[in-house]
Amino acid sequence: MKRSEKYMRCEMKAAVFTGKHQLEIREMPCVEPKEDEVLIRVRFCGVCGTDVHIYEGDKGSAEVDGETILGHELSGEVVRTGKSVTRIRTGDRVAADPNDYCGTCYYCTNGMKHLCNRMVGLGTAADGGFAQYLTVPERLVYKIPDSVSYEQAAMIEPISCCLHGIDLTDIRPGNTVMVVGAGNIGMIMIQLAKSAGAARVIAVDPVEVRLARAKEYGAEIVINPTKDDTEEVLGKNNVECVDRVIDCAGRVSTAEYAVRYAGKGAVVMLFGLTGPDDVAGIKPFELFKKELTVKASFVNPDTFARSIFLLEKGIVDVDKIITDIVPLEDIGMVFDTKLYSKNGKVLINCE
Numbered sequence: 094m095k096r097s098e099k100y101m102r103c104e105m106k107a108a109v110f111t112g113k114h115q116l117e118i119r120e121m122p123c124v125e126p127k128e129d130e131v132l133i134r135v136r137f138c139g140v141c142g143t144d145v146h147i148y149e150g151d152k153g154s155a156e157v158d159g160e161t162i163l164g165h166e167l168s169g170e171v172v173r174t175g176k177s178v179t180r181i182r183t184g185d186r187v188a189a190d191p192n193d194y195c196g197t198c199y200y201c202t203n204g205m206k207h208l209c210n211r212m213v214g215l216g217t218a219a220d221g222g223f224a225q226y227l228t229v230p231e232r233l234v235y236k237i238p239d240s241v242s243y244e245q246a247a248m249i250e251p252i253s254c255c256l257h258g259i260d261l262t263d264i265r266p267g268n269t270v271m272v273v274g275a276g277n278i279g280m281i282m283i284q285l286a287k288s289a290g291a292a293r294v295i296a297v298d299p300v301e302v303r304l305a306r307a308k309e310y311g312a313e314i315v316i317n318p319t320k321d322d323t324e325e326v327l328g329k330n331n332v333e334c335v336d337r338v339i340d341c342a343g344r345v346s347t348a349e350y351a352v353r354y355a356g357k358g359a360v361v362m363l364f365g366l367t368g369p370d371d372v373a374g375i376k377p378f379e380l381f382k383k384e385l386t387v388k389a390s391f392v393n394p395d396t397f398a399r400s401i402f403l404l405e406k407g408i409v410d411v412d413k414i415i416t417d418i419v420p421l422e423d424i425g426m427v428f429d430t431k432l433y434s435k436n437g438k439v440l441i442n443c444e
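Residues 94 to 444 in the working numbering are what the sequence shown spells out, letter by letter.
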């Protein structure tokens, strides 16, 4: 395990990933925070697609080396601070940005720290939040307002990733925005697109329950691509141009769909994660003919504080997105039964 040799006098339970399809609940000593770290009693930690990919043994944006405590979407209470910690106090309600950067590589020194060659991520390269306690460097810790619950605060990290994607998508007031994939991330994207000035949001998903929820979150038009003719729906709703398309599903078919229905001069954001060996059948001539800009988005540079603000002010509502809260001891069931794919967001209660 990635633990220091010096421990606090307390024990904790943690869900340890030991290999493909293997999670073990273990009791172990709490970790003593280093001088620049705080010890967080984790309240809730969200199950992310990255956790699922690791559990399934898929290669992707994050891989682990050896036994690791997964989980990076966490909230909790600070119970101890290191000697050099000054900004955070014991008792503070907090959330943690899971991505730590070296600060010295080419990317860090050229305004692209999120592409750092030596980035360390909680729940991947370092132990994460599927545990009762976790040490985190103070620089990654953010206080959360009293008006934001611990459950809501566990959604700050995914909101921050979505916000980076929205920034890159460059939505202009009055734009028509299509969101492909109306899952948890899609619901956040719909709200962020509206807050960025989108005049109309189109939600695309093959699951009717998700489309109904997309309407609740502000989508004016919904399309079930397994039943509806997309061109026909767009025509009936007088959609002359889809200005921005955000693919949240992360599949070859949805990437191709996004390019196909993007209007002339549009921006296509490939936000969802495909497999590293997936190849999409996109015609370069189509990009040329429509003068498309195709972008992708990776993690969450400098968007954590803004995400807290959006939650606090009610600009982003996550209450309907969170559908299942599961005790830490039952985390294996979440992965074995694929609960994360059946309803909405699954949070692990680590208390």
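Just so it is clear, CB atoms sit at the ideal spot from N, CA and C, and this is done for glycine as well.
Same chain, Cβ closer than 7 Å to residue i, neighbours up to 5 away in sequence not counted
{"i": "K206", "result": "Y194, Y200, P394"}
{"i": "D263", "result": "V360"}
{"i": "Y433", "result": "V140, V145, V427, V439"}
{"i": "E422", "result": "I118"}
Residue i and residue j closer than 8 Å at C-beta
{"i": "G164", "j": "G221", "result": "yes"}
{"i": "R306", "j": "K435", "result": "no"}
{"i": "V135", "j": "G169", "result": "yes"}
{"i": "F364", "j": "C341", "result": "yes"}
{"i": "A155", "j": "G214", "result": "yes"}
{"i": "I147", "j": "F110", "result": "yes"}
{"i": "D336", "j": "T269", "result": "yes"}
{"i": "E405", "j": "S240", "result": "yes"}
{"i": "V131", "j": "I162", "result": "no"}
{"i": "E301", "j": "N317", "result": "yes"}
{"i": "C198", "j": "R211", "result": "yes"}
{"i": "L366", "j": "G142", "result": "yes"}
{"i": "F223", "j": "I424", "result": "yes"}
{"i": "A355", "j": "K388", "result": "no"}
{"i": "I281", "j": "I314", "result": "no"}
Contacts around residue i, its chain only, beta-carbon distance under 8 Å, and the 5 residues preceding and following it disregarded
{"i": "P420", "result": "I441, N442"}
{"i": "L453", "result": "Absent from the structure is residue 453, since the part of the chain shown begins at 94 and ends at 444."}
{"i": "E160", "result": "M94, V109, F110, T111"}
{"i": "K236", "result": "I181, D185, R186, V187"}
DSSP state of residue i mapped onto helix, strand, coil
{"i": "S168", "result": "strand"}
{"i": "K435", "result": "coil"}
{"i": "K376", "result": "coil"}
{"i": "I408", "result": "coil"}
{"i": "Y226", "result": "strand"}
{"i": "F110", "result": "strand"}
{"i": "G274", "result": "coil"}
{"i": "T179", "result": "coil"}
{"i": "R173", "result": "strand"}
{"i": "D193", "result": "strand"}
Cβ shell of residue i (< 6 Å), same chain only, five flanking positions each side left out
{"i": "N331", "result": "none"}
{"i": "A351", "result": "V273, V338, D340, V361"}
{"i": "I408", "result": "S288"}
{"i": "T217", "result": "A155, V157"}
{"i": "P266", "result": "G290"}
{"i": "K446", "result": "As displayed, the chain neither begins before 94 nor continues past 444, which places residue 446 out of reach and without an answer."}
{"i": "G279", "result": "V272, C341"}
Opening and closing residue of the alpha helix (DSSP H) in which residue i lies
{"i": "V326", "result": "323 to 329"}
{"i": "K287", "result": "277 to 288"}
{"i": "K308", "result": "301 to 309"}
{"i": "T143", "result": "142 to 148"}
{"i": "R353", "result": "345 to 354"}
Element boundaries [beta strand (DSSP E), containing residue i]
{"i": "D340", "result": "337 to 340"}
{"i": "E120", "result": "115 to 124"}
{"i": "R134", "result": "130 to 139"}
{"i": "D158", "result": "It is not in any beta strand (DSSP E) - D158 carries neither H nor E in the DSSP assignment."}
{"i": "P420", "result": "415 to 420"}
{"i": "I237", "result": "No beta strand (DSSP E) contains I237, which DSSP labels as neither H nor E."}
{"i": "L363", "result": "360 to 363"}
{"i": "V315", "result": "314 to 316"}
{"i": "I295", "result": "293 to 297"}
{"i": "T386", "result": "386 to 389"}
> Pairing CB atoms from the segment 213 to 233 with CB atoms from the segment 314 to 333, are three or more of them under 8 Å?
Replying inline: Taking 8 Å as the limit for Cβ pairs, the verdict is that the segment 314 to 333 does not touch the segment 213 to 233.
> Taking three-plus beta-carbon pairs below 8 Å as touching, is the segment 240 to 253 in contact with the segment 366 to 376?
Replying inline: Result no; under three Cβ-Cβ pairs closer than 8 Å.
> Taking one C-beta from the segment 289 to 303 and one from the segment 394 to 410 each time, how about it: are there three or more such pairs within less than 8 Å?
Replying inline: Verdict: no, contact absent.
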